[in-house]
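Colleague: Residue numbering for the sequence shown follows my numbering, beginning at 2 and increasing consecutively.
First the structure, which I've put down as structure tokens, then a few questions once you've had a look.
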Amino acid sequence: MKPVAIFSNREDLGKKIVSRLEKMGYPIGGIHIDKGGLIEGIKINPPELVIFAIIPEGEGEIPKIAREIRDTFDIPVVLFTRKVDEVYRGFIMELEPDAFIKHTATDIEIALTLELTVRRHKRVKFPSITPTKEEGYDTEVLEKLGLFANKVGHDFNNFLMAIMGYASMIKMKPTQGALQEEYLNKILGVVDKAKVYTGDLLSFGRRKAGDLLRINLNQTVNSIAPFLKDMVNRQDIRISLSLTGEDLYVMANPTQLHQVISNIVKNSCDAMPEGGEIIIKTEGVLREQGTSYALLSIKDTGIGMDESVRQRIFEPFFTTKEPGKGVGLGLSIVYGIIKQHNGFIEVISEPGKGTTLYIYLPA
2 MKPVAIFSNR EDLGKKIVSR LEKMGYPIGG IHIDKGGLIE GIKINPPELV
52 IFAIIPEGEG EIPKIAREIR DTFDIPVVLF TRKVDEVYRG FIMELEPDAF
102 IKHTATDIEI ALTLELTVRR HKRVKFPSIT PTKEEGYDTE VLEKLGLFAN
152 KVGHDFNNFL MAIMGYASMI KMKPTQGALQ EEYLNKILGV VDKAKVYTGD
202 LLSFGRRKAG DLLRINLNQT VNSIAPFLKD MVNRQDIRIS LSLTGEDLYV
252 MANPTQLHQV ISNIVKNSCD AMPEGGEIII KTEGVLREQG TSYALLSIKD
302 TGIGMDESVR QRIFEPFFTT KEPGKGVGLG LSIVYGIIKQ HNGFIEVISE
352 PGKGTTLYIY LPA
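Written out as structure tokens, the structure is:
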């Protein structure tokens, strides 16, 4: 393996990561404390990757240096940090590291992160093409496809890293039964997350609705309510139903309608960190341009959103959640399912005043 270069604005933090990497057998290509020294070191002895061991306070130039390393030398950047939380979220997002390592990471986690980062960087190379629409390509579509592939690859890479890490621990300590069971349970938990993620991808990629049946919307919502309360599992959030007294029949796929309501409720819960109420309401049939619609609305008392966010909430992979808390597919799946049902959806929201989604389904 080529050497690993270290760039740090704190001597103690830089020495800490160097000490750990040397004990793990990694060659070190130098510790650099300024941009000039780092660039010169890369030119003289190109490293496999550059580790940024950074304390973010007052370091506005650091993200620019990271981008220059990637763009000029095509070398991946890994962030080694003491914290990964909401305070440093903006810094991390601006830095855009190929991976990050917390100071509490084990040697196995560090080794896996570095190895998989290098492998992914070598493997994922896209040709630099700028086709025109006259040549039969849509550059915007290609760009979105590239972002889609990158996001999926990154998320599944995280799943695999976790599975490989815990499996390696089991292999290293095969006789410790209780510890083995703990690691196996963690592996199964990661696999369950990957299964849910795969299901979301399949739903997102599905081009048509499932079998449509004439169902009573009120009965469907009533049947879903107990599941929603179990799914939310929070004492500080109350789910209320307000259903019209008349039978309300729609043409819909019950499973997909279940997914629509579940995804919206999940988002509502995330928007209420201090708790609140979710109100699921049905209203009588509306008629517009010769078509009859039943109205299903889901309202929360959460933090709401501004207009710039509201305009983008149905975009695939758009999310305002912190890294690891969501992939941004939930509401895009909702939008796709409603469109497949020949319905439409509206969103009303203001910062601090909650959010209401109005779903119109053909009756």
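Backbone N, C-alpha and C define an ideal beta-carbon position, used for all residues, glycine too.
Nothing here was measured: the structure is a model prediction, and the numbers come from that model.
1. Just reading off the beta strand (DSSP E) that residue 221 is part of, what are its end residues?
2. To the nearest angstrom, how far is the alpha carbon of residue 294 from that of residue 308?
3. Go ahead and label residue 333 buried or exposed: buried means 16 or more other beta carbons lie within 10 angstroms of its beta carbon, across all protein chains shown.
4. Using 8 Å as the cut-off, can you tell me whether the stretch 218–236 makes contact with the stretch 181–191, which would need three or more C-beta pairs spanning the two stretches below that distance?
5. Given a cut-off of 8 Å on the beta-carbon distance, is the pair residue 113 and residue 79 in contact?
6. Taking the alpha carbon of residue 22 as the point to measure from, which residue in 306, 104, 169 has its own alpha carbon closest?
7. Report the three-state DSSP secondary structure of residue 133 (helix, strand or coil).
8. Could you tell me the alpha carbon to alpha carbon distance between residue 56 and residue 235, rounded to whole angstroms?
9. The beta strand (DSSP E) that contains residue 81, what's its start and end?
10. As a quick exercise: from 35, 69, 115, 13, pick the residue whose alpha carbon is nearest that of residue 26.
11. From the DSSP output, in three-state form, read off residue 55 for me.
12. In or out: residue 224 buried (at least 16 other Cβ within 10 Å) or exposed?
13. In whole angstroms, give me the CA-to-CA distance for residue 282 and residue 316.
14. My guess is that residue 304 and residue 272 are in contact by the Cβ rule of under 8 Å, so how many angstroms apart are they, rounded?
15. Which residue wins for smallest C-alpha separation from residue 1, given the options 107, 96, 160, 77?
16. Whose CA, out of 301, 97, 231, lies closest to the CA of residue 353?
17. Alpha carbons only, please: which of 311, 359, 319 is nearest the one belonging to residue 351?
18. What's the C-alpha gap between residue 13 and residue 74?
19. Only counting the same chain, and skipping five residues up and downstream in sequence, which positions put a Cβ closer than 6 Å to that of residue 160?
20. So residue 10 and residue 34 are supposed to be a Cβ contact under 8 Å. How far apart are they, rounded?
21. Identify every residue that forms a DSSP beta bridge with residue 252.
22. Looking only at C-alpha atoms, which of 340, 231, 165 sits nearest to residue 252?
23. When you compare only the Cα positions, how much space is there between residue 71 and residue 15?
24. Span of the alpha helix (DSSP H) holding residue 22?
25. Whose C-beta lies closer than 7 Å to the C-beta of residue 18 among residues of the same chain, with five residues either side of it excluded?
26. Just to check my reading of the structure: residue 29 and residue 5 have Cβ atoms closer than 8 Å, yes? What is that Cβ distance to the nearest angstrom?
27. For residue 46, I'd like the list of residues in its chain whose CB is within less than 6 Å of its CB, leaving aside the five on either flank, ordered along the chain.
28. Sort 362, 111, 330 by Cα distance to residue 342 and report the nearest one.
29. Among the residues of its own chain, which have a CB less than 8 Å from the CB of residue 106, if the five just before and after it don't count?
30. Using the Cα positions of residue 256 and residue 263, report the straight-line distance between them to the nearest angstrom.
31. What number of angstroms, rounded off, separates the C-alpha of residue 330 from the C-alpha of residue 260?
32. Beta-carbon within less than 7 Å of residue 265's beta-carbon, same chain only, minus the 5 sequence neighbours each way: which residues are those?
33. Could you check how far apart the C-beta atoms of residue 243 and residue 280 are, in whole angstroms? I think they sit under 8 Å.
34. Under the three-state reduction of DSSP, which class applies to residue 315: helix, strand or coil?
35. With a threshold of 16 other CB atoms inside 10 Å of the CB of residue 99, please say whether the residue is buried or exposed.
36. Three-state secondary structure (DSSP) at residue 107?
Modeller: Concretely, from the data shown:
1. Not the beta strand (DSSP E): residue 221 falls in the alpha helix (DSSP H), residues 218–233.
2. 27 Å
3. buried
4. no
5. no
6. 104
7. Residue confidence is low: residue 133 scores 42 on pLDDT, short of 50, so the model does not pin down where it sits. Its coordinate-derived value is still stated next. In the structure shown, residue 133 sits in coil (DSSP, three-state: anything other than H, G, I, E or B).
8. 36 Å
9. 78–82
10. 115
11. coil
12. exposed
13. 25 Å
14. 5 Å
15. Past the edges of the chain, shown from 2 to 364, lies residue 1, and the structure says nothing about it.
16. 301
17. 311
18. 27 Å
19. 191, 195
20. 7 Å
21. 215
22. 340
23. 20 Å
24. 12–24
25. 7, 52, 54, 81
26. 6 Å
27. 30
28. 362
29. 114
30. 11 Å
31. 12 Å
32. 299, 335, 358
33. 6 Å
34. coil
35. buried
36. coil
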